[in-house]
Each structure stands twice: as structure tokens, then as C-alpha cells.
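Numbering (the working numbering), first residue to last: 1032 to 1432.
First the structure, in the form of C-alpha cells, and then the observations on it.
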């Protein structure tokens, strides 16, 4: 059966067997309010023009599609192109979505913004747009991630955001998201919750995807100019999966384009110390949607591990679960050591520091290129820059900076 991916999610927010809206009764009203507002403004010409203007003049879009010639030569196979989301204002793809959601918050008359963050990039992007709009901003962040991403914490504070430390559970992203949900329940009247990835209850997975879809739309136009047609493969890292869905969405009905999502293999999937929700997880409910999650035999969420603070989320966006289920996208893993090797390779060969999240995609793209002919083309989404990870990498390698 041919699947028309543009028909998903359905009117109840389902991507096949995944997605939906599993939330407390207190939140149902504001989720319906949000869905109604998004349905109105996503088709509003004035709203869309403001969004496009901000992407161009504030974010700096379009981001370049760059041919990594020396990396291509080293791999000896397909041409490797990098979609340079790292060159966006604030240094990652996260700004695309926060621009869209802050415009929606203003249109809905909300006075207060909350968010959660792991690697800090979504928190920085949220603090940035909140400062620009003059709105109060609170960002929840796990204690472990606060230590790993101290520079981003300081950046958020410089822009006037309050960073609230979360000490429960594993003290990482999932726990920060839990606390943000609790905040939202108690401040539903004046607060807009900017979720940073394609997860959460309906309408968040589709809304965050749509605000990031500009990535794939630009790649399609740029590939036509530079390659003369469609690329043969797209590669992106997947934690929750927002940068990957932003890249994949425009190409879902282009069957000739292979899609690869790269999950965090941590110390190796066989060790159990990883964050590969699709590769080694189970179907369950997490943060308001049905998807693949990292859980024990009793269905309880278990702790994850990744060298990257942005990839250790114990679930994945429901649309990724759907694409895996239908076979439209293939999900693979890259472990910590492979990601670290890719970080150093790209840095030394192309003079570009990739985020540790993006280094997972680079590592798989390097492997994939070797298996493909030289007349083929791979686009890897360079979703963020690695400045924020320099201290983490230096600590791992015993370097004092």
C-alpha cells in the first residue's frame, strides 16, 4: 500500500499507531487552545510572512549547503554535503522552531514562556526569542546537563532567562521536561510552553516539525542548483528528532531519497548504556505521546547514556516511530567513540567544529559514503556547532582549558 505521508498526523494527532494526546485533564483545555491557534495561524498569510521575515533577517536563513570536498576525498565514495544549521543565529537549528512558537505565543496573548533543555541549545534559542519579545522566560534543566553545558547556562542568564535546576531522576532532559510540564499545569492561563523537539502531546510533534521544515525545503532547492536534482541520501542525528524531521519532511514522498536517522549508541547498544530508543527500545507512552521509549519490563522509563547532552532523551518523536514502522526511514546507531572520532575528523579536515549531536550524523555519513559510488550525493544535517562541547571533549581527553 502506498502511504501519503502528507496526510499525517490525522485529526487526532496520530501517526499511524503512534502520537496522540496523553495528558492530564488540566492540560487538555490548553492543548486544544494551542491546536486551534496553530491551525489558524499556520495558514494565515500575515503570520507566515512574519515567520519567513524573521528566519531571513534574524536567523540568517537560508543556511548554506556546503560540499565537504576534503572529507569526500578522504572517504573515497559519495559526495558529502553539509547543511549548515550551525551557522544560524544561536548556533543550531533550534532557533527555527522557537521563532515560530514565540510568534504564536504573542498572537495568543501569552505573557510568560517556559521551556526545557538538555544540551542547552533549545534553552538558548528560547531565551533569545523571549528576550527579543520582552517576555518572562523560565528554562528547566537537569543538574547534570547544567554542569555539562555551563556556557549555554550563562548565555541564557545573560539574556534574562531564569534557569531552574532539576535534581530529580537522572537529572537530565527527561526530568527537566517533567518539571516544565508541572509548571505548565499550574500556570496554564498566562504561560506558553515552547517544546524543543518533535515529541509531546498533539499538536507539538507536527507543529515543531512544520517550523523546522524550512531545512528540507531549502535543501531541495539548493540540491537542484548544486547537484542538478535530488540527493541520494539524507542523514541526521535523532534524540527527540527535530532536526531530522525538519530535514526529512520535504522528502517523505520522494522514494528515491533514502533517509537515515542516527541514534546515540553510547557505550554500545549491547552494554545497555545508550539512548537508542528506536533501535533497542519498546513501544510506550512518554511525555504525552505513544512512541518508542527506553523502559524496563514493567514499563518504567530507564536512564540513558550518551556523550551528547542533546541525544540522551529516553524517547523519540512519534513521527520517527511511524517512519521506522513503515520502513520509510532507517534508524542506525553511532557510539560515543565513533562520534568523538567524527568530531575530530571534521574539525581537522574541514575546519568546522560540529556539535556532539551532529557528530553522530557525521560519523554515519562518513561510513555511508564509503559504500556509495562517487556520482552519488549525501546530505548530512550539521544541526549545531561544537563550541558548547569543547569543555566536555577536553575533560574526556584529559586536557585543561
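Where is the CB? At the ideal position from N, CA and C, for every residue including glycine.
Among the options, the one whose alpha carbon lies nearest that of residue i
i, options, result
"residue 1085", "1059, 1045 and 1130", "1130"
"residue 1107", "1429, 1396, 1425 and 1419", "1396"
"residue 1302", "1038, 1036 and 1337", "1337"
"residue 1274", "1307, 1126 and 1192", "1126"
"residue 1376", "1334, 1360 and 1394", "1394"
"residue 1356", "1313, 1115 and 1373", "1313"
"residue 1307", "1364, 1255, 1360 and 1199", "1364"
"residue 1220", "1179, 1207 and 1060", "1060"
"residue 1297", "1323, 1202, 1270 and 1280", "1270"
"residue 1166", "1327, 1038, 1090 and 1224", "1224"
"residue 1324", "1305, 1345 and 1089", "1345"
"residue 1330", "1092, 1056 and 1315", "1315"
"residue 1407", "1332, 1425, 1257 and 1362", "1257"
"residue 1081", "1096, 1100 and 1133", "1133"
"residue 1255", "1096, 1089, 1076 and 1424", "1096"
"residue 1066", "1368, 1154, 1135 and 1055", "1135"
"residue 1091", "1101, 1083 and 1120", "1120"
CB contact flag (residue i, residue j, <8 Å)
i, j, result
"residue 1261", "residue 1288", "yes"
"residue 1411", "residue 1118", "no"
"residue 1389", "residue 1268", "yes"
"residue 1339", "residue 1311", "no"
"residue 1265", "residue 1359", "no"
"residue 1104", "residue 1400", "no"
"residue 1190", "residue 1159", "yes"
"residue 1419", "residue 1109", "no"
"residue 1280", "residue 1252", "no"
"residue 1079", "residue 1123", "no"
"residue 1386", "residue 1348", "no"
"residue 1141", "residue 1164", "no"
"residue 1409", "residue 1263", "yes"
"residue 1334", "residue 1196", "no"
"residue 1299", "residue 1243", "no"
"residue 1150", "residue 1341", "yes"
"residue 1116", "residue 1382", "no"
Enclosing alpha helix (DSSP H) for residue i [first to last residue]
i, result
"residue 1511", "Nothing can be reported for residue 1511, as the shown portion of the chain is limited to 1032 through 1432."
"residue 1059", "1056 to 1072"
"residue 1308", "1308 to 1311"
"residue 1399", "1387 to 1401"
"residue 1185", "1181 to 1189"
"residue 1134", "1125 to 1138"
"residue 1077", "1076 to 1085"
"residue 1102", "1100 to 1106"
"residue 1197", "No alpha helix (DSSP H) holds residue 1197; the beta strand (DSSP E) holding it covers 1193 to 1197."
"residue 984", "Outside the modelled stretch of the chain, which goes from 1032 to 1432, sits residue 984, for which no answer is possible."
"residue 1205", "1204 to 1217"
Cutoff 8 Å: residue i Cβ touching any chain E Cβ
i, result
"residue 1208", "Structure shown: chain E not included; a single protein chain is present."
Unbroken beta strand (DSSP E) run spanning residue i, endpoints
i, result
"residue 1172", "1167 to 1173"
"residue 1296", "1289 to 1297"
"residue 1147", "1143 to 1148"
Residue i: CB within 7 Å of a non-hydrogen atom of the ligand HEM
i, result
"residue 1039", "Ligands in the displayed structure: none, and consequently the ligand HEM is not present."
Q: Please determine if the stretch 1069 to 1081 and the stretch 1245 to 1256 are in contact, where contact requires at least 3 C-beta pairs separated by less than 8 Å.
A: Look at the beta carbons and you see the stretch 1069 to 1081 not touching the stretch 1245 to 1256: under three pairs across the two are nearer than 8 Å.
Q | Stretch pair the stretch 1041 to 1060 + the stretch 1344 to 1356: three plus CB contacts closer than 8 Å | A | At 8 Å Cβ cutoff, the stretches touch.
(Q) Does the contact criterion of 3 or more C-beta pairs under 8 Å hold for the stretch 1134 to 1151 versus the stretch 1159 to 1176? (A) Three or more beta-carbon pairs drawn from the stretch 1134 to 1151 and the stretch 1159 to 1176 are found closer than 8 Å, and the two stretches are therefore classed as touching.
Q: Count the CB pairs spanning the stretch 1212 to 1232 and the stretch 1319 to 1338 that are closer than 8 Å, and state whether there are at least three.
A: By the Cβ test, the stretch 1212 to 1232 is in contact with the stretch 1319 to 1338, since at least three Cβ pairs between them sit closer than 8 Å.
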